[in-house]
Structure formats: structure tokens, C-alpha cells
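Trainee: First the structure, then my questions, so here it is.
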Amino acid sequence: MRIVTARVNHETNTFSPLATPLSAFSPLWGDEALAAGRDATTALGAFIRFAEARGARVAVPVTAHANPSGPVADDAFEALAAAILEAIRPGCDAILLDLHGAMVTESHDDGEGELLARIRALAPNVPLGVALDLHGNVTPRMVAQCDALAGFKTYPHVDMAETGDRVAAIVGRMLDEGLRPACAFVHPPMLAHTLRMDTRVPGPMRDAVRAASAAEARPGVLAATIFGGFSLADLREAGVSVTVTAETQAAADAAARDLARGLWAARRDFVYTQAPLAESIAAAKAALAGPGHGPVLLLDHGDNCMSGGTCDVMDVLAAALEAGIEGIVAGPICDPAAVATLHAAGVGATVELGIGNRVPLPGLARQAPLTVTGTVAALGDGRYVITGPTYTDQLCGMGRAAVLDTGAARILVAEQPHEPWDLGVFTASGIDPAGARVLILKSRMYCRPVFEPIARAVVECASRGVTSSDYGLFPFEKLARPIFPLDADAAWTPP
Ligand SMILES: [Zn+2]
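Using my numbering, the letters of the sequence shown map in sequence onto residues 3 to 497.
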């Protein structure tokens, strides 16, 4: 038996000016991909373990993951797709793919749908199972190609391997019992806010995911998934959806319809109304004056690294400084020019420079860099090993890094956008984040498992970046309208 499995993950923010070339994926090919994937807590890892446990020969043509950014370059998509197709071409018994579901390429709005259609053209009858991210913008074209489909049930995401196990188990029954599963897809016309998708706390997404888990206990239902979707994507099918894989089409359709009805009924709960930045800064000052220990976290969700933000919008730091807050640690801010200036100056030098606000944001007003004066406190290569719960033990890098100490703030500047998902982001540059009074992070969710436990309070802050929660800022052209909450007349009749 020969099983082909691969991982290609990209969440595309079509409003982001950040390019997505092949190098952004840091792809590993063939034996290197197999070795890297085997022990990983990803769906790919689960697929490799499934195949090897069955004694199958495993081909892993590629594993490739890029942080969220703008549309994937055509040559990158073609290289990734070609590797997978070449591995399938000689023939195989099953195909298991670890995809995201919200990949847009320069030429294809539905990146995964295009990839899956090409695979189906080559291998029309081979069992094909796909694991997706909870933020996938799932399309009918994707679902039509799959025999088995499931997405994560957690956000922050911690169940990648379990999702792979669920998909692999269905494909296993196809191989062993000749099961021919059916997939259903329902897409009520609604955009949800990422900040309303936390599955750890009471709220609409936790309720929806629990309903999906309950649906999986129904006779014949094999996998039921609520996709929150990724709303910062201008394509026809962006938004929430439901998929169900079941033993029969009738069972799949019924469960998917019921789950979608529940989503639509809860649509107002999926709307996040952001506070003006001035209110958030005032809330931070109040928290500083109140009880508790550790820093106040200011989460800059308008320029969130893991949604395609440029990580150089300076609104929150500027407002905090303006308000007279001291003891700030902020970063990482992506500004390669500032890093070069600080490295050239050397540790201990006093420097006045502009930081951030360098990348033009399509459709959004351009701000000037934030001018600051301070002492170069640390310089480094920006590399560290994750010690926290997300991607534990992984070696990470943010390009070269530097810390400028202005007195009121220590600003960590890096050459690449980088998610503050681990204390090592700061400790690698000599900063103990627990010692800050205020910690400004370009993050909305990934930072929370690590930074919330050391914080006295969390304050979400709006800024004028390409990951703003104010969807009215963005020039949607392809999105199917009307859609809730952008359009007052959005309506839906369940299928
Ligand atoms: Zn996600």
C-alpha cells in the first residue's frame, strides 16, 4: 500500500500588502518533509503515523507553511501543487492532505479548490481526505473533491493532530470496509469576527463547536465541522460554513443543515464591536491602578501578525506614550530599516529614528513613522526555541532583532513580521516580559496561552491596519452580497 500525504498551509489576507513567495513557506521536500512531519503535532503528523501504522509506504512530497499574508505567488502555488501531483502520478491507495482552506493565489481565489480539482483529475477514484483550519473559507468546489473532510475544533488551535486522526480514520474505513462517505456543505451568508471565535471561553464558537461534536454522535455522522472562516479575504465564498462527512448523503445533509441553522441564529453573537483606541488606553490605565500583578496586555488586533498584518502600525504604542504610560514593552515591530540603523549604531548608542508605519496599506491612510529617541539596549539574531505550549521546541526566527530603550518604552524591532506567541520572543533579546508594566503585542489570540497567565489584565486595542475588526474599512468587491453583518438586508433560508 502506498499513501501520499502533504501539508500546504496558507491563510490569505487579500488586503495585506505582504508578498507570499515560495520562500515564505520554508518548504521541505521528500525525505526531509517526512522526517519533519513524522513527530509534528499537525494533521500531517497524524497522517504519517496513520500510514506507517498500517505498514504503508509513505510519500510526503512537501510540507510547507507560511504565515498569513497577501495572495500566494503563482509560481509558488505551481511548485507546491506540482510536487503533490508528481507524487500521486505513479499511483497510490490514499491521499491525505493537511491544508488550510483560506488560500488565495494570484490566479485562483479558491487555492485549495484548484489544488484538489487537479488531484481529482489525476486520481479520480483514490480515497482523498483533507484536514483544514477552523478559519478556512470553504467552497463547494473543495468539498466536491473530498471523500472525507474535517477542520479544527479549537481556537487557539491545539487539535491539529486530532483533526488529522479523524480524517485518517474515515479514509481507513474506506480502505478496509469499502465505505463510500458523503460530504455536505452549507454556507449561510455571514462573516464572523475572529475575536468571537475563542473556543476556550463561553461564546458562540464554543457553543457551535459543541453542537458539531454532538452531531458526530448521530448515527452515520463521521465528522462535523464549524468553519469560522477568514473574513479578511475578498472572495465570493468568504465566511462561516459547515461541513459534515457521513456514511450517507442524507445524514450529512441533515446534520449540516441543523448546524448551519444554529450558526445563523447566533449570527449577532459572532459580531465583535471594537472600542475606540482612546477607550482601550483609558482601560489600560485603570487596570494599572487596580489590583493584581504583572503587565497589562494591550493586544493590537488591527495589525495582528497571524492574520496578515504588516506588524509596523504604530497606533497603539503612540497612543500609550501619548497617554504618559511608562514601563512599556512593545513588539516585535517589523522594520528592517530601523533594525539596520540600530545594529549600525551598536549597543549603548543613543539614537533618534522613525520606527514603523513604513509599508503602504491599500485603501488605508498612511501614517508617518513614530519618531523616538533612546538607547540601543540589545542586538541579536532574533532566533529562539519555543518553550510554551504552541509549537513547543520549534526553532523560530524573526530576522535580526534590536531593542531600543526610550525610558518609557523598550521597543523590540525585527526584520520580519513575527507572532509574539512565546516568552522567547522577548527573552531572546534580554527582556523579561513579566517585568513590564504594559505589554503591547501585535496579536489577537496566539499570544494568549502564554501571556495571559503572566498578565493582570487584557485590553484589546483597535488600530488602522489590514487586520482591523472593522470590516467596513475594506473594499470588498468579489464577496457575495448581501452578507451579515455588512448588509442590513442579509437574509437566509436553510436548504
Ligand atoms: Zn486558524
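All C-beta atoms, glycine included, are put in the ideal place defined by N, C-alpha and C.
Rounded to the nearest angstrom, how far is the Cβ of Gly356 from that of Thr373, given a contact under 8 angstroms?
Mentor: 5 angstroms
Trainee: Run through DSSP, which three-state label would Leu24 get?
Mentor: Leu24 carries a helical assignment under DSSP once its states are collapsed to helix, strand and coil.
Trainee: DSSP state of Leu372, grouped into three classes?
Mentor: strand
Trainee: Among Leu20, Thr495 and Ala66, whose alpha-carbon lies nearest the alpha-carbon of Arg9?
Mentor: Ala66
Trainee: Can you list, in chain order, the residues of its chain whose CB lies under 6 angstroms from that of Ser470, leaving out five sequence neighbours each side?
Mentor: Gly304
Trainee: Run through the segment 224-279 for me and flag every whole alpha helix (DSSP H) of 4 or more residues, listed as ranges in chain order.
Mentor: 251-267
Trainee: Which residues in the same chain have their Cβ closer than 6 angstroms to the Cβ of Ala194, if we skip the five residues on either side of it in sequence?
Mentor: Gly230, Val242 and Phe272
Trainee: Consult DSSP for Asp472 and reduce its assignment to one of helix, strand or coil.
Mentor: coil
Trainee: So, under 8 angstroms CB-CB, Ala248 and Leu224 are touching, yes? Tell me the CB distance rounded to an integer number of Å.
Mentor: 6 angstroms
Trainee: Just list the residues that DSSP pairs Gly399 with in beta bridges.
Mentor: Arg385
Trainee: Got a sec? Which residues, its chain only, sit under 6 angstroms from Asp161 by beta carbon, not counting five neighbours each side?
Mentor: Phe154 and Lys155
Trainee: Please return the same chain residues whose Cβ sits closer than 7 angstroms to the Cβ of Trp31, not counting the five positions on each side in sequence.
Mentor: Pro63, Val64 and Ala85
Trainee: Identify the continuous beta strand (DSSP E) that holds Glu354 and give its terminal residues.
Mentor: For Glu354, the enclosing beta strand (DSSP E) begins and ends at Thr352 to Ile357.
Trainee: Count the other CB atoms, across all protein chains shown, that sit within 10 Å of the CB of Val440; report buried if there are 16 or more and exposed otherwise.
Mentor: buried
Trainee: Rounded to whole angstroms, what is the Cα-Cα separation between Leu237 and Met105?
Mentor: 11 angstroms
Trainee: Would you call the segment 16-35 in contact with the segment 71-83, where contact means no fewer than 3 C-beta pairs closer than 8 angstroms?
Mentor: The segment 16-35, when compared against the segment 71-83, does touch it at the 8 angstroms Cβ threshold.
Trainee: Tell me which same chain residues have a C-beta within less than 6 angstroms of the C-beta of Ser282, skipping the five on either side of it?
Mentor: Val461 and Cys463
Trainee: Within the continuous beta strand (DSSP E) that includes Leu441, where are the two ends?
Mentor: Taken as a continuous stretch (DSSP letters only), the beta strand (DSSP E) holding Leu441 covers Val440 to Leu443.
Trainee: Using the beta-carbon of each residue, find all residues closer than 5 angstroms to any heavy atom of ligand 1 and list them in chain order.
Mentor: Asp135 and His137
Trainee: Between Glu421 and Met308, which are expected to be in contact by the criterion C-beta below 8 angstroms, what is the C-beta distance as a whole number of angstroms?
Mentor: 5 angstroms
Trainee: Determine, using beta-carbon pairs with one atom in the segment 140-149 and one in the segment 190-209, whether at least three such pairs fall under 8 angstroms.
Mentor: no
Trainee: With DSSP as the reference, identify every bridge partner of Gly131, one or two as the case may be.
Mentor: Leu98 and Ala150
Trainee: For Thr375, tell me which candidate among Glu88, Arg412, Gly382 and Leu363 has the shortest Cα-Cα distance.
Mentor: Arg412
Trainee: Quick one: is Val405 buried, meaning 16 or more other Cβ sit within 10 Å of its Cβ, or exposed?
Mentor: buried
Trainee: Please report the residue range of the beta strand (DSSP E) in which Leu300 lies.
Mentor: Val298 to Asp302
Trainee: Distance, Cα to Cα, Pro334 vs Thr312?
Mentor: Rounded to the nearest angstrom, the two C-alpha atoms are 11 angstroms apart.
Trainee: Just checking my contact of Phe49 with Gly166 at CB under 8 angstroms: how many whole Å lie between their CB atoms?
Mentor: 5 angstroms
Trainee: What would DSSP say about His345, mapped onto helix, strand or coil?
Mentor: Collapsing the DSSP output to three states places His345 in a helix.
Trainee: Helix, strand or coil for Ser282, going by three-state DSSP, please let me know.
Mentor: helix
Trainee: Determine, using beta-carbon pairs with one atom in the segment 422-432 and one in the segment 333-348, whether at least three such pairs fall under 8 angstroms.
Mentor: yes
Trainee: Where does the unbroken alpha helix (DSSP H) through Val62 begin, and where does it stop?
Mentor: Neither: Val62 is in no alpha helix (DSSP H) and is coded neither H nor E.
Trainee: Relative to the alpha-carbon of Pro297, which residue among Asn11, Thr16, Pro435 and Arg220 has its alpha-carbon at the smallest distance?
Mentor: Pro435
Trainee: Counting only the same chain and skipping the five closest in sequence on each side, list residues whose C-beta sits under 8 angstroms from that of Lys480.
Mentor: Asp111, Asp236, Leu237 and Arg238
Trainee: May I ask you to verify whether the segment 88-102 touches the segment 114-132, counting CB pairs closer than 8 angstroms and requiring at least 3?
Mentor: yes
Trainee: Can you tell me whether Gly222 is helix, strand or coil according to DSSP?
Mentor: coil
Trainee: Would you kindly report the start and end of the unbroken beta strand (DSSP E) that includes Ala9?
Mentor: A small correction: the amino acid at residue 9 is Arg; Ala does not occupy that position in the sequence shown. Where Arg9 is concerned, the enclosing beta strand (DSSP E) stretches over Arg4 to Asn11.
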